[in-house]
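Colleague: Our numbering numbers the first residue of the sequence shown as 12 and each following residue consecutively.
The following block contains the structure, expressed as structure tokens.
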Amino acid sequence: MASTRAATDRRTHIVGWGMAVPERVVNNHDLCTMVDTSDEWIRQRTGIVERHIAGEGETTFSLALRAAQAALEVANLDPAQLDLVVVATVTPDYAFPATACLLQDALGAEGAAAFDLSAGCSGFVYGLSVVADLIAAGGYEHGLVIGAETLSRITDWTDRNTCVLFGDGAGAVVLQANGAPGGILASVLGADGSGKDLLIQPAGGSALPASIETVQARQHTVQMDGRQVFRFATRIMPDASRRVLAQAGLSVQDVSLVIPHQANDRILQAAARNLGIEEERMYSNLSRYGNTSSASIPMALCEAIDQGLVKRDDVILLTGFGAGLTWAATVLRWSLPLPVPVPSRQMAFWRSLRYRWAQLRSRWRRWWRWADAHLFQILYDEEGRRKRRKHE
Ligand code: UT7
């Protein structure tokens with residue numbers, strides 16, 4: 012599927028960004044005490060040196076909330092102005108309700124629709140494309156797109172083939188409609204479900220519901236054919252990148268920075284070679300975070316912006332691949348002057364009040380629902396008819 016936004020005046024721009032990672036850092040040497048591996052193997056074969064791992068009480072939602080609040084701060088936006096909250100994740104807090112709903116409630120985004128999106132490591136770019144199109148179509152003004160994961164919760168810590176690769180984190184962007192030139196220019200999304208077994212969490216769904224046997228067989232953890240995914244990635248990333256650039260009427264030479272999914276430095280090097288761009292234009296922070304699935308692209312984008320690698324009018328290419336199999340690429344022209352002004356204290360204070368208020372409102376609603384259910388039983392019968400008093 013491809014979409015281009017050149018024909019309309021209404022465009023979608025990134026106006027806020029933020030990321031969050033757990034405090035706890037696990038380096039390659041720590042992993043050597045858990046599985047038969049070495050710092051040298053992990054560095055040479057992947058480029059990863061350390062990763063952040065969620066601590067007790069930290070979840071995909073709590074990381075997403077921190078990233079979202081940081082992004083709203085940069086955008087200087089009242090969460091009540093959000094129309095859409097989309098969380099791309101393969102590690103939601105619950106199968107349902109959606110993590111996006113927890114976030115909508117915690118942010119006090121009272122007017123926002125909220126849903127999760129599952130497209131593996133391509134999830135964030137899928138979400139970005141979907142929300143950008145919805146905004147450009149005219150129905151919505153502001154959207155929040157988040158890629159957030161706690162992969163450590165579905166990692167088999169006895170499997171050296173996978174446990175050295177993954178990390179936890181979240182990245183968020185705020186999208187806004189306006190008529191300024193630039194913004195999201197085009198997207199290419201794709202899937203090939205015949206590759207479903209190459210990267211899968213087999214149990215916990217309707218195909219293999221949770222049971223003692225599935226837990227004992229570690230079927231609730233990530234299972235991956237690394238070599239096959241590697242070969243797929245090196246082919247699909249350059250292919251999707253070329254196609255999205257063609258859609259936008261641009262060439263590889265126009266691209267200032269590529270923000271690829273951070274899975275393996277060797278994949279990034281192969282993609283750079285294949286695309287014919289210097290490795291310096293291919294952003295990598297893999298060494299510090301490992302593969303954070305749908306969080307990796309927004310986290311890398313945040314860091315690239317904060318490191319001054321993004322300037323106004325730069326063409327930025329986001330490209331990813333992952334479980335499904337899926338792939339996605341988006342090209343955008345950066346339209347915001349950087350650095351953004353520090354938000355007024357008043358607005359920051361207002362947002363902090365909004366978060367407090369959202370907490371209170373949520374508690375109050377839960378209490379009211381409980382009270383309503385009990386009062387309802389006293390006053391009404393099961394069909395909803397008001398009960399008659401004895402003397403009536
Ligand atoms: O986000 C999308 C999801 N994932 C990916 O994108 C991952 C894509 N794949 C990869 O990044 C690479 O395929 C891996 C990093 C997973 C593996 O690297 P590789 O160069 O493809 O290694 P391999 O699977 O071909 O294994 C080579 C050897 C094997 O030993 P033998 O059979 O040759 O004796 C493995 O058992 O390396 C061994 N090995 C390890 N050795 C030390 C595998 N994992 C480890 C390890 N430490 N952690």
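Each residue gets a CB set at the ideal place from its N, CA and C atoms; glycine is no exception.
Check whether the Cβ of Ala244 sits closer than 7 Å to any heavy atom of the ligand UT7, and report yes or no.
Modeller: Position 233 of the sequence shown, counted from the start, is the residue given in the question as residue 244. Ala244: yes, Cβ under 7 Å from the ligand UT7.
Colleague: Would you check if the distance between the CB atom of Ala111 and the CB atom of Ala125 is smaller than 8 Å?
Modeller: On the sequence shown, position 100 is the one that residue 111 refers to. On the sequence shown, position 114 is the one that residue 125 refers to. A contact, by the Cβ cut-off of 8 Å.
Colleague: Could you check what DSSP says for Pro213 in three-state terms: helix, strand or coil?
Modeller: Taking the sequence shown and counting its residues from 1, one reaches residue 213 at position 202. Here Pro213 sits in coil by DSSP.
Colleague: Which residue comes first and which comes last in the alpha helix (DSSP H) that contains Glu314?
Modeller: Here residue 314 refers to the residue found at position 303 when the sequence shown is read from its first residue. Segment Ser307 to Asp317, the alpha helix (DSSP H) holding Glu314.
Colleague: In this structure, how does DSSP classify Gln273 when only helix, strand and coil are distinguished?
Modeller: One-based indexing of the sequence shown puts residue 273 at position 262. Gln273 falls in the coil class under three-state DSSP.
Colleague: Would you report the Cα separation of Ala17 and Leu390, rounded to the nearest angstrom?
Modeller: Stepping through the sequence shown from its first residue, residue 17 is reached at position 6. Stepping through the sequence shown from its first residue, residue 390 is reached at position 379. Any reading at Ala17 needs caution, since the residue's pLDDT is 49, under 50, leaving its predicted position unreliable; the model's value is listed next. About 59 Å.
Colleague: If you pair each beta-carbon of the stretch 237-249 with each one of the stretch 272-283, do three or more pairs fall below 8 Å?
Modeller: At 8 Å Cβ cutoff, the stretches touch.
Colleague: In three-state DSSP terms, what is Ser73?
Modeller: Residue mapping note: residue 73 aligns to position 62 of the sequence shown, counting from 1. Ser73 falls in the helix class under three-state DSSP.
Colleague: When the distance is taken between beta carbons, is Val136 closer than 8 Å to Leu343?
Modeller: Stepping through the sequence shown from its first residue, residue 343 is reached at position 332. Stepping through the sequence shown from its first residue, residue 136 is reached at position 125. Not a contact, by the Cβ cut-off of 8 Å.
Colleague: Assign Trp168 to one of three DSSP states: helix, strand, or coil.
Modeller: Looking up residue 168 in the sequence shown gives position 157. Residue state, collapsed to three classes: coil.
Colleague: If you measure between the beta carbons of Phe58 and Asn296, is that distance less than 8 Å?
Modeller: What you label residue 58 is simply residue 47 of the sequence shown in a count that begins at 1. What you label residue 296 is simply residue 285 of the sequence shown in a count that begins at 1. The sequence given here has Gly at residue 58, not Phe. Not closer than 8 Å, so no.
Colleague: Quick one: complete alpha helix (DSSP H) runs, 4+ long, within the stretch 15-47?
Modeller: The qualifying runs are 39-43.
Colleague: In angstroms with no decimal places, state the Cα-to-Cα distance between Trp338 and Gly194.
Modeller: Taking the sequence shown and counting its residues from 1, the one referred to as residue 338 is at position 327. Taking the sequence shown and counting its residues from 1, the one referred to as residue 194 is at position 183. If you take the alpha carbons of Trp338 and Gly194, they lie about 21 Å apart.
Colleague: Using a 10 Å radius around the Cβ and a threshold of 16 neighbouring Cβ atoms, would you call Leu95 buried or exposed?
Modeller: Translated into the one-based positions of the sequence shown, residue 95 becomes position 84. Burial call: buried.
Colleague: Any heavy atom of the ligand UT7 closer than 7 Å to the Cβ of Val175?
Modeller: Indexing the sequence shown from 1 puts residue 175 at position 164. Result yes, Cβ under 7 Å from the ligand UT7.
Colleague: Tell me which residue opens and which closes the alpha helix (DSSP H) that Phe241 is part of.
Modeller: Along the sequence shown, one-based indexing puts residue 241 at 230. It spans Gly237 to Gln258 - the alpha helix (DSSP H) in which Phe241 sits, taken as one unbroken run.
Colleague: Closest to Val37 by C-alpha separation, out of Ala117, Val26 and Gly66, would be which residue?
Modeller: Reading the sequence shown from its first residue, position 26 is the one you call residue 37. Out of Ala117, Val26 and Gly66, Gly66 has the C-alpha closest to the C-alpha of Val37.
Colleague: Leaving out the 5 sequence neighbours to the left and right, which residues in its chain are closer than 6 Å to Gln92 when beta-carbon positions are compared?
Modeller: Your numbering for residue 92 matches position 81 in the sequence shown. Here the set comprises His153.
Colleague: Spatial neighbours of Gly237 within its chain, please: C-beta separation below 7 Å, excluding the five flanking residues on both sides.
Modeller: Residue mapping note: residue 237 aligns to position 226 of the sequence shown, counting from 1. Same-chain partners within the cutoff: Asn172.
Colleague: For the stretch 72-85 and the stretch 216-227, state whether three or more C-beta atom pairs, one from each stretch, are separated by less than 8 Å.
Modeller: Output reads no: the stretch 216-227 does not touch the stretch 72-85.
Colleague: Once you ignore the five residues that flank Gly331 on each side, which residues in its own chain have a CB closer than 6 Å to its CB?
Modeller: Here residue 331 corresponds to residue number 320 of the sequence shown, with the count starting at 1. Hits under 6 Å: Cys132, Ser133, Val136, His272, Ile308 and Ala339.
Colleague: So the alpha helix (DSSP H) Phe360 belongs to, where does it begin and stop?
Modeller: Here residue 360 refers to the residue found at position 349 of the sequence shown. Where Phe360 is concerned, the enclosing alpha helix (DSSP H) stretches over Arg356 to Leu390.
Colleague: Taking Cβ to Cβ, would you say Val3 is nearer than 8 Å to Ser129?
Modeller: This structure cannot speak to residue 3, because the chain is shown only from 12 to 403.
Colleague: State the DSSP-derived secondary structure class of Thr341, mapped to helix, strand or coil.
Modeller: Counting from one through the sequence shown, the residue named residue 341 turns up at place 330. Correct three-state label for Thr341: strand.
Colleague: By DSSP, does Ile157 sit in helix, in strand, or in coil?
Modeller: Residue mapping note: residue 157 aligns to position 146 of the sequence shown, counting from 1. In this structure, Ile157 counts as strand in the three-state DSSP scheme.
Colleague: Using beta carbons (cut-off 8 Å, strictly below), is Arg323 in contact with chain B?
Modeller: Protein chain content of the structure displayed is limited to a single chain, and chain B is not contained in it.
Colleague: Taking its Cβ as the centre, do 16 or more other Cβ atoms sit within 10 Å of Tyr151, making it buried, or is it exposed?
Modeller: Here the question's residue 151 lines up with position 140 in the sequence shown. Buried, by the Cβ-count rule.
Colleague: Can you determine whether any heavy atom of the ligand UT7 sits closer than 7 Å to the C-beta of Val32, and answer yes or no?
Modeller: Start at 1 with the first residue of the sequence shown, and residue 32 comes out as number 21. Checking every heavy atom of the ligand UT7 against the Cβ of Val32, none is found closer than 7 Å.
Colleague: Can you tell me which of the three DSSP states Thr303 falls into?
Modeller: As a position in the sequence shown, residue 303 is number 292, starting the count at 1. Of the three classes helix, strand and coil, the one that applies to Thr303 here is coil, per DSSP.
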